[in-house]
Amino acid sequence: MDGQPVEIAPGEISFGEDQNTKADAQSHKGHLSGTVGDAIAVLIMVQLEETPTIEQSCRLR
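If you count by the numbering used here, then the sequence shown holds residues 6 to 66, one letter each, in order.
This is how it looks when you write it as structure tokens:
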């Protein structure tokens, strides 16, 4: 994830570690989410107790 907006359709999965996250101009860090259209977004968040990999390939296969 490079800070660019990403639209995820129903049934799709996105895995994104906060790799070396930097604050934006408003001092926000991490991910922002929202909806496109009138449908309510239903999200499942899974947090792992692992140190994020930085500048490496994803370790989950």
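All C-beta atoms in this analysis are idealised placements derived from N, C-alpha and C, irrespective of residue type, glycine included.
CB of residue i within 9 Å of CB of residue j, strictly
i	j	result
Gly16	His36	no
Lys34	Thr26	yes
Integer Cβ distance of residue i from residue j, believed to fall under 8 Å
i	j	result
Ser38	Ala28	Wrong, their Cβ atoms sit about 18 Å apart, outside the cutoff.
Spatial neighbours of residue i in its chain, beta-carbon cut-off 6 Å, leaving aside the 5 residues before and after
i	result
Ser19	Ile13
Contacts around residue i, its chain only, beta-carbon distance under 8 Å, and the 5 residues preceding and following it disregarded
i	result
Leu48	Ser38
Cutoff 7 Å; reference residue i; Cβ partners in own chain excluding five residues on either side
i	result
Arg64	Thr58
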